[in-house]
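Here the structure comes first, spelled out in structure tokens, and everything after it is commentary.
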Amino acid sequence: MSVTSLPRANGGSFFSAIPERVFTPEDFAGDEALMIQMAEEFARKEVLPLAERLEKQEPGLMPDLVRRAAALGFCGVDAPEAYGGLGLSKNLAARILEYMSQDASFSVTYGITCGISVAGLALFGTEDQKRRYLPKIVSGEWIGAYALSEPNSGSDALSATTRAVPCDGGYRLTGTKMWISNAQWADLFTVFAKVNGDQFTGFLIERDTPGLLVEREEHKLGLKGSSTARLVLSDAFVPEANVLHEVGKGHQVAFNALNLGRFKLASMSLGPARDTMTRAAQYARERKQFGRPIAEFGLIRQKFAEMAARFYAAESCIYRTGALIDQAFAEHAGTVDGNRKACEEFAIECSLCKVLATEAEAFIVDESLQVYGGYGFSEEFPAARHYRDARVSRIYEGTNEINRVFIADRMRRKGLLESAGDSFISELAGRAMRAEVSDQVRQGAQADLAMLTYAEQSARLRALQTGNPLHRAASDLFRFWANGQAARAYALVTGESVMVPAMDPLPSIEALGGVSGPV
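In the working numbering, the protein residues as written are -12 to 506.
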């Protein structure tokens, strides 16, 4: 399907393009829809019933679930066919990941091993590296991990202190990596270190490498069923053949894997949001107070309306962006340099999706827990688990703060400043982005305006395409909320206040308030 792309520098502006249509979840059909249905059934029938056992990290249980997912083809959806994958689109992989993510501990394990841990290998690896490792990951025989962060190197990844010293036949790595997802179960680690003190470089390291030690599990707030631990390297030998891409170009591997990782994390965040909202709606229909179900009370209905509106906008952004990424890969892929260009082209949108979806998830799990009242605060109900698990989404794959700084900086450097003039929000965004700002507070506000513009437009175009009254209601209610957020962000950037357009949200609340889950 042809998807109109947003023009780039030398061809217009991020804001000035208004596509005739955008790819939406409704466009998945046929075999794609069947795979999505299979993913949902796997999550509900195979994963969710094991949630309590997963949280206790029952030995062998999580790796077995990954192998069962792999047997159905889910660990190689967008991996190349030549290495055992299905070779399907990034967009379909994201949709499958969304439905596989109804338990966050499983989704981070699954999402890391078939996502960010192998993205660099698939895009930048040599033929020999891909032949040796990709089939093992795709089949579920091996689990992958991605080791970038360090105790003193998080958002500032290039300040890493892990060193790689050249030696006969390869390199010896020494240093500590922090918060490594899948560490307990991983067979292959993508690790980043500096050669000769300044050449940031990626390496593929097998688990049984002498000098590689996985330390104890971190005691975490959430994601208790997933593995997170330190990786300690003590003079660990890595052969020359396991240098990923080129010495000194590890930033291309790391940051482009993160671009795709942020896009997929957006989908991972919608899975738990979908599950907790659906469960809360069921509870609201069953729970009675004052002689009737609480689902009939106005303030409860309002909660579901606003949750559905935020979910709808985030979902609309994700699958519009996924189609654009697939289009970029179709145009550029085939070479390492082409893969790099395809990953970089929509990096801004990937960050926008990550911030929007993770913050929508946070709102949804919080409001869903509130629907349960006192029961929501009890671990006997799944709302508490979703609430704990969701918190990390705004931290990993780049904190939402660093993503906001990245969005504003990248848009300014690329000259994506004009206004589309098709909405109140885009007008404000176009004006605000022209302001030269150096402090992070105003940069963050500029990023919020970009995000709100993209989200409002995506939701509105999707609603127009489907013609569904519920979609229109979700789009309208999101715009009502987003207009207020945009006015605040604009005031932060410029110091000027603006009048928010009048809009009566009550019809949208009445239309959406009784739904059982996302529209």
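Even glycine gets a Cβ: it sits at the ideal position worked out from N, Cα and C.
In this structure the segment 283 to 293 does not lie against the segment 234 to 246, because fewer than three pairs of beta carbons, one per stretch, are closer than 8 Å. In the three-state scheme derived from DSSP, where H, G and I count as helix and E and B as strand, Y477 is classed as helix. According to the DSSP assignment, P369 belongs to the alpha helix (DSSP H) that extends over 369 to 377.
When the Cα atoms are used, G385 and K251 turn out to be separated by approximately 13 Å. As computed with DSSP, Q433 is found in no beta bridge at all. Here the C-alpha atom of I5 lies approximately 28 Å from the C-alpha atom of I389.
DSSP places R203 within a strand segment (E or B) once states are collapsed to three. Between A329 and the set F10, G98, P153, A106, the nearest pair of CA atoms involves A106. In the structure shown, the three-state DSSP call for P12 is helix. Between C62 and P12, the alpha-carbon positions lie close to 21 Å from each other. L175: member of the beta strand (DSSP E) spanning 175 to 182, first to last residue. Shown here, E7 sits in coil according to DSSP, grouped into three states, outside any helix or strand. Nearest to L479 by alpha-carbon distance, out of A432, G131, A26, is A432.
In the structure shown, K290 adopts helical secondary structure according to DSSP, grouped into three states. In the three-state reduction of the DSSP assignment, K328 falls in the helix class, which pools H, G and I. For G162, the enclosing beta strand (DSSP E) begins and ends at 157 to 168. For the 7 Å CB-CB criterion, Q89 and D262 form a contact. If you draw a straight line from the Cα of L75 to the Cα of D65, it comes to about 5 Å. Closest in alpha carbon position to P369, among R399, Y133, R266, E233, is R266. Taking the Cα positions, Q171 is about 54 Å away from M486. Scanning T196, T440, R399 for the CA closest to the CA of S425 turns up R399. Taking C-alpha positions only, N78 is separated from A334 by approximately 15 Å. In this structure, DSSP gives A489 a state outside helix and strand, which the three-state scheme calls coil. For the segment 20 to 93, the full-length alpha helix (DSSP H) segments reaching 4 residues or more read 38 to 42, 48 to 58, 77 to 87 along the chain.
It is roughly 27 Å from the alpha-carbon of E331 to the alpha-carbon of K123. In the DSSP assignment, P259 falls within the unbroken alpha helix (DSSP H) covering 237 to 273.
Secondary structure at Y306: helix, using DSSP grouped into helix, strand and coil. Spatial neighbours of Y362 in its own chain (CB-CB distance under 6 Å, excluding positions within 5 residues in sequence) are listed in chain order as F368. Selection A132, G141, G189 evaluated against R159 yields G189 as nearest (Cα-Cα). Contact check between the segment 302 to 322 and the segment 272 to 284: fewer than three CB pairs, one atom from each, fall below 8 Å, which does not count as touching. Scanning its chain for C-beta atoms nearer than 7 Å, with the 5 sequence neighbours on each side dropped, one finds around V379 the residues G209, L210, in chain order. The beta carbon of Y374 sits closer than 6 Å to those of V352, L356, all from its chain and outside the five residues before and after it, given in chain order. Looking at the backbone, the Cα of A69 and that of F29 are separated by about 26 Å. In the three-state scheme derived from DSSP, where H, G and I count as helix and E and B as strand, T96 is classed as helix. Q357: not part of any beta strand (DSSP E); member of the alpha helix (DSSP H) spanning 334 to 359, first to last residue. Spanning the alpha carbons of S92 and E483 requires a straight line of approximately 44 Å.
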